[in-house]
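Down below is the structure, laid out as structure tokens.
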Ligand code: NAI
Ligand code: MG
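In my numbering, the protein residues as written are 1 to 491.
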């Protein structure tokens, strides 16, 4: 057994277990098969091809979903253009706002259904989909709805106008929330959209299509098409799209940026991250330990802004790591629908394979790996919370986005050393700082090149706050007024 995995004394008793508390699925309706949502109705894909979306906790098929090709995308873009020309861009802004409010309210009313489907299709714990994803998705629609009739006054001395048709491609880590981030500001600004959810998590976007029908939006204002990377590429390449909004891997972001070079399409790209969470010796250590758990184990570490690097001041490193290991042992890995679960299923077999490859790599690179010994179910894709110590800056587990519940821990002595290490990355999406001293927060916050810095907290989101990256973490901002301006021509 390596040093990092040696048993250590727990400060509290973890021998007792929680009784199971599964969320009911009785009130959930998932159809056997979904078509594409184009011009206000569900239609079959032209070529008649479908693929399965599964529950990553059971590996069982939940539904069949349409695989769209370039001809389907063309239909969706034509519907969006028609709705833009004939309805949406001409409608009074206050009227547009009313439709967006209606979407927000229906999401709130159907929140339980959305939360359960999100956990079934993507593997995230019900506590998170119920308390984070779905309320935040509704909040984004409410926030943008409020802006709809004020946009003319939001940018002094400028005349805002919509861009036209937006193509939006989203990932699998926050499916409904990412759809809301993309659709709500686009609609508020007067654009129409063609949105593609990720292939492993299409169901809440398709449920959102039902909400959009119920809200009575003019046909074609929102079109939802499903498919894989080739479908995404067909959206990017379509000649009648005015703006591309993408969230996903840096590799695909690069491909999209190349495809858009030399075109008139506007774009925003929200890509990967390798955020440093910095713990100073004067921080409230117990709170900081909770913060570390939230920063990297939240949503199985499937978070672009996860605090996947921990930088801890040398004098408290031993204490922080010991407390962190104790806390990790209490984290429950398992059924996403159980309200006790802390860490749900890894989103797909491919993602689990990627994470496991990094675990092997970390060991090969000479790091010490610590993993909890909690039980995991027999079926499904699982990864127990893991940390690496004895790592060097050159190790790939320190440099690359793993997108799993895996933390790399380094130490530092001075503030400057912490900042240098934090900035020694190709990414720049987020960061965290834990200290008792306000001045230190401002000093570190101003020196770290990242879009968001959390102080004495982590992974807090709000529709009013712009979000986006420096360096290879992306281009442009989403959320707040910055997010609106990304869907406008400001003349
Ligand atoms: P991905 O970047 O391939 O997928 C994201 C979305 O892009 C999906 O909807 C996918 O269908 C679409 N897509 C794929 N290829 C495309 C193309 N050529 N043109 C247009 N759209 C395309 O991410 P993937 O493969 O699922 O995950 C790989 C890694 O990416 C993860 O391990 C993680 O490190 C990172 N990732 C980062 C995310 C973030 O929020 N920053 C989200 C998802 C993944
Ligand atoms: Mg799925």
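Idealized CB from N, CA, C, for every residue including glycine.
Where residue 309 falls, given that 16 or more other Cβ within 10 Å makes a residue buried: Within 10 angstroms of the beta-carbon of residue 309 lie 16 or more other beta-carbons, which makes it buried.
For residue 280, three-class secondary structure by DSSP: The three-state secondary structure of residue 280, taken from DSSP, is coil.
Residue 193 - containing beta strand (DSSP E), residue span: Per DSSP, residue 193 belongs to the beta strand (DSSP E) from 192–196.
Residue 135 in three-state terms, based on DSSP: Residue 135: helix per DSSP, three-state reduction.
Boundaries (first-last residue) of the alpha helix (DSSP H) holding residue 309: Unbroken run through residue 309 is the beta strand (DSSP E), 309–313; no alpha helix (DSSP H).
CA nearest to the CA of residue 168, picked from 282, 347, 248, 207: Ranking the options by Cα distance to residue 168, first place goes to 248.
Three-state secondary structure (DSSP) of residue 372: Note: residue 372 maps to coil in three-state DSSP.
Separation of residue 25 from residue 88, as counted between CA atoms: Rounded to the nearest angstrom, the two C-alpha atoms are 37 Å apart.
Contact check, residue 221 vs residue 76, beta carbons under 7 Å: No, Cβ-Cβ distance for residue 221 and residue 76 is not below 7 Å.
Residue 130 burial status per 10 Å Cβ neighbour count (16 or more: buried): Around the beta carbon of residue 130, 16 or more other beta carbons sit within 10 angstroms, so the residue counts as buried.
Inter-residue CB distance, residue 185 and residue 484 (contact presumed, cutoff 8 Å): Under the criterion of beta carbons closer than 8 Å, residue 185 and residue 484 qualify as touching, at roughly 5 Å.
Heavy atom of the ligand MG within 6 Å of residue 54 beta-carbon: Within 6 Å of the C-beta of residue 54 there is at least one heavy atom belonging to the ligand MG.
beta-carbon residue 224 near the ligand NAI non-hydrogen atom, thresh 6 Å: No, since every heavy atom of the ligand NAI falls outside the 6 Å radius drawn around the Cβ of residue 224.
Buried or exposed by the 16-neighbour rule on C-beta atoms within 10 Å, applied to residue 320: Sixteen is the threshold: when 16 or more other Cβ atoms of the shown chains lie within 10 Å of the Cβ of residue 320, as they do, the residue is buried.
Selected residue, minimal CA-CA separation from residue 203, among 371, 428, 399, 55: Taking only the C-alpha atoms, the option nearest residue 203 is 55.
Assigned exposure category for residue 270 - 16 Cβ within 10 Å defines buried: By the 10 Å Cβ count, residue 270 comes out buried.
Proximity test, Cβ basis, 7 Å: residue 463 and chain B: Looking at the structure shown, chain B is missing, and only one protein chain is on hand.
Check: residue 121 C-beta below 6 Å from any heavy atom of the ligand MG: Because some heavy atom of the ligand MG lies under 6 Å away, the Cβ of residue 121 counts as near it: yes.
Where the alpha helix (DSSP H) through residue 99 begins and ends: If you look at residue 99, you'll find it in the alpha helix (DSSP H) that goes 93–109.
Opening and closing residue of the beta strand (DSSP E) in which residue 408 lies: From DSSP, the beta strand (DSSP E) with residue 408 extends over 406–412.
Assigned secondary structure, residue 455 (DSSP; H/G/I helix, E/B strand, else coil): The DSSP-derived three-state label of residue 455 is strand.
Buried versus exposed, by CB contacts within 10 Å (16 or more), residue 11: At residue 11 the pLDDT is 49, less than 50, meaning the model places this residue with poor confidence; the figure from the coordinates comes in the next sentence. The residue in question, residue 11, is exposed, as its Cβ has fewer than 16 Cβ neighbours within 10 Å.
Reference residue 371, options 393, 350, 327, 284, closest by Cα: For residue 371, the nearest C-alpha among the options comes from 327.
Contact under 7 Å by Cβ, residue 387 with residue 407: Yes. Within cutoff.
Inter-stretch contact (C-beta, 8 Å, three-pair minimum) for the region 415–425 and the region 255–264: Flag = no, the region 415–425 and the region 255–264 do not touch.
Residue 347 in three-state terms, based on DSSP: In the three-state reduction of the DSSP assignment, residue 347 falls in the coil class.
Start-to-end residues for the alpha helix (DSSP H) that takes in residue 294: First-last of the alpha helix (DSSP H) with residue 294: 285–297.
Where residue 473 sits in the DSSP three-state scheme: Residue 473 falls in the helix class under three-state DSSP.
Proximity below 7 Å, CB of residue 451 to CB of residue 277: Residue 451 is not a Cβ neighbour of residue 277, given a cutoff of 7 Å.
Any non-hydrogen atom of the ligand NAI closer than 6 Å to residue 298 Cβ: Here the distance from the Cβ of residue 298 to the nearest heavy atom of the ligand NAI is not below 6 Å.
Residue 389 (DSSP reduced to helix, strand or coil): Looking at residue 389 - three-state DSSP - the assignment turns out to be strand.
Environment of residue 3 [buried if 16+ CB atoms lie within 10 Å]: Residue placement at residue 3 cannot be trusted, given a pLDDT of 48 that sits under 50; what the coordinates show is reported in the next sentence. Exposed, because fewer than 16 other Cβ atoms sit within 10 Å of the Cβ of residue 3.
Among 205, 173, 381, 106, nearest to residue 306 - alpha-carbon criterion: Residue 173 is the option with its Cα nearest to residue 306.
Residue 198: CB within 6 Å of a non-hydrogen atom of the ligand NAI: Because some heavy atom of the ligand NAI lies under 6 Å away, the Cβ of residue 198 counts as near it: yes.
According to DSSP, residues forming a beta bridge with residue 543: Beyond the ends of the chain as shown, which are 1 and 491, falls residue 543; an answer cannot be given.
Uninterrupted beta strand (DSSP E) stretches inside the region 152–221 (no shorter than 3 residues): Within the region 152–221, the complete beta strand (DSSP E) runs of at least 3 residues are 160–162, 165–169, 192–196.
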